[in-house]
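Student: Here it is, the structure, as structure tokens.
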Amino acid sequence: MRLVLTRPEREASRWAQPLLELGHEVLCLPLIAVGPAPDAQALSQARALALGARALMFVSANAVRGFFEDAPPVLGSSRAWVTGPGSAQALRELGVPESLIDQPPLEAGRFDSEALWLEVQAQVRAGDQVLIVRGADELGLPSGRPWLAEQLQHAGALVHEVASYARQTPSWSAAQQAQAQAAAQGESVWVLSSSESLGHLQQLLPGQTWSAARAVATHERIAQAARQLGFGQVAVCPPTVGALHACLQSLQ
């Protein structure tokens, strides 16, 4: 089966090899480009805050890498919270001890803020500082769901947010546009990991009809966005290669 990987280029490349080994054809068409942090001073101030924080919550592997770029990953006693295995792996690759990382259990099959909160809420005390590290939107502001920040504030924590990288609409070549148009005809399966990326897809292929297209989304919210765009068939599975391979069998 031919898969269209839409994660940022670095992540898409890492997913491609194991999927190729499982017998899938792979086309990488990133729907998010990764740029530098829009406010270097704010990022520097956030790094200084990190050592005194109860925890740092990273929303993605790119958030991890952007935060620790040119800065050794020294956390002291601070915890590192992540929602998914890709972000946890990015922390480990940078040398963060496994003992400091909190994430939803893999067997739960759910990797979002709600699942993370079940794991970490007992750690939080009133007055604790928690830093949420995100990507920035097109305006340069930290973007993402506020749900976890709201739970922390209800628990009495002091929440800080910083953007460690920028999420941008990628530039596609004419060849990539043609590949995407062909993939919209239903013979390929789009692998979607971000609702924001679907907005970029609309910008890159304005007027494209998606009723014949098939997709696998890594969360129900992303699946809903794909259905609203017009994708004809959308399945949901956890963001792991094994889960994706198993899910694809139902789309044969």
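My numbering numbers the first residue of the sequence shown as 5 and each following residue consecutively.
Heads up, the beta-carbon is just placed ideally off N, CA and C, and yes, glycines get one too.
Everything numeric in this text was worked out from a predicted model, so none of it was measured.
#1: Could you check if A59 is buried or exposed, using at least 16 other CB atoms within 10 Å of its CB as the buried criterion?
#2: Note down, in chain order, each residue of its chain lying with its Cβ closer than 7 Å to the Cβ of R96, except the 5 sequence neighbours on either side.
#3: Suppose you measure from the CA of G90 to the CA of N66; what does that come to, to the nearest Å?
#4: Got a sec? Which residues, its chain only, sit under 7 Å from L23 by beta carbon, not counting five neighbours each side?
#5: Quick check: the region 186-204 against the region 217-231, are there 3 or more CB pairs under 8 Å?
#6: DSSP beta-bridge partners for H164?
#7: Using 8 Å as the threshold, is the region 79-88 in touch with the region 154-162, meaning 3 or more CB pairs across them?
#8: If you follow the beta strand (DSSP E) that L31 is part of, which residue opens it and which one closes it?
#9: For the ligand HEM, I want to know if S197 counts as a neighbour, meaning its beta carbon is within less than 7 Å of at least one of the ligand's heavy atoms.
#10: Verify whether the separation of the beta carbon atoms of S168 and V124 is less than 8 Å.
#11: Taking the straight line between their C-alpha atoms, what separation do you get for A182 and L208?
#12: Look up G39 in the DSSP assignment and give the residues it is bridged to.
#13: Could you check where the beta strand (DSSP E) with A130 kicks off and where it finishes?
#14: Tell me L9's beta-bridge partners as DSSP assigns them.
Tutor: Based on what the coordinates show:
#1: Looking up residue 59 in the sequence shown gives position 55. Around the beta carbon of A59, 16 or more other beta carbons lie within 10 angstroms, which makes this residue buried.
#2: Here the question's residue 96 lines up with position 92 in the sequence shown. Excluding sequence neighbours, R96 sits near E102.
#3: On the sequence shown, position 86 is the one that residue 90 refers to. On the sequence shown, position 62 is the one that residue 66 refers to. Those two C-alpha atoms are separated by around 10 Å.
#4: As a position in the sequence shown, residue 23 is number 19, starting the count at 1. Only residues of its own chain outside the window of five on either side were considered, and among them L7, V30 and V245 have a CB closer than 7 Å to the CB of L23, listed in chain order.
#5: In this structure the region 186-204 lies against the region 217-231, because at least three pairs of beta carbons, one per stretch, are closer than 8 Å.
#6: Translated into the one-based positions of the sequence shown, residue 164 becomes position 160. As a beta-bridge residue in DSSP terms, H164 pairs with L135.
#7: Result no; under three Cβ-Cβ pairs closer than 8 Å.
#8: In the sequence shown, residue 31 corresponds to position 27, counting from 1. Run containing L31: E29 to C32, per the beta strand (DSSP E) assignment.
#9: The ligand HEM is not among the ligands present in this structure, which contains no ligands whatsoever.
#10: Residue 168 sits at position 164 when you count from the first residue of the sequence shown. Residue 124 sits at position 120 when you count from the first residue of the sequence shown. Against a cut-off of 8 Å, the Cβ pair of V124 and S168 comes out as no contact.
#11: The residue labelled residue 182 in the question sits at position 178 within the sequence shown. The residue labelled residue 208 in the question sits at position 204 within the sequence shown. Rounded to whole angstroms, A182 to L208 spans 11 Å at the Cα level.
#12: As a position in the sequence shown, residue 39 is number 35, starting the count at 1. According to DSSP, which records beta bridges pairwise, G39 is partnered with A170.
#13: As a first step, residue 130 must be located in the sequence shown, where it is residue number 126. Element bounds for A130: n/a, residue is neither H nor E.
#14: As a working note, residue 9 is residue 5 in the sequence shown. In DSSP, L9 forms a bridge with C32 and V195.
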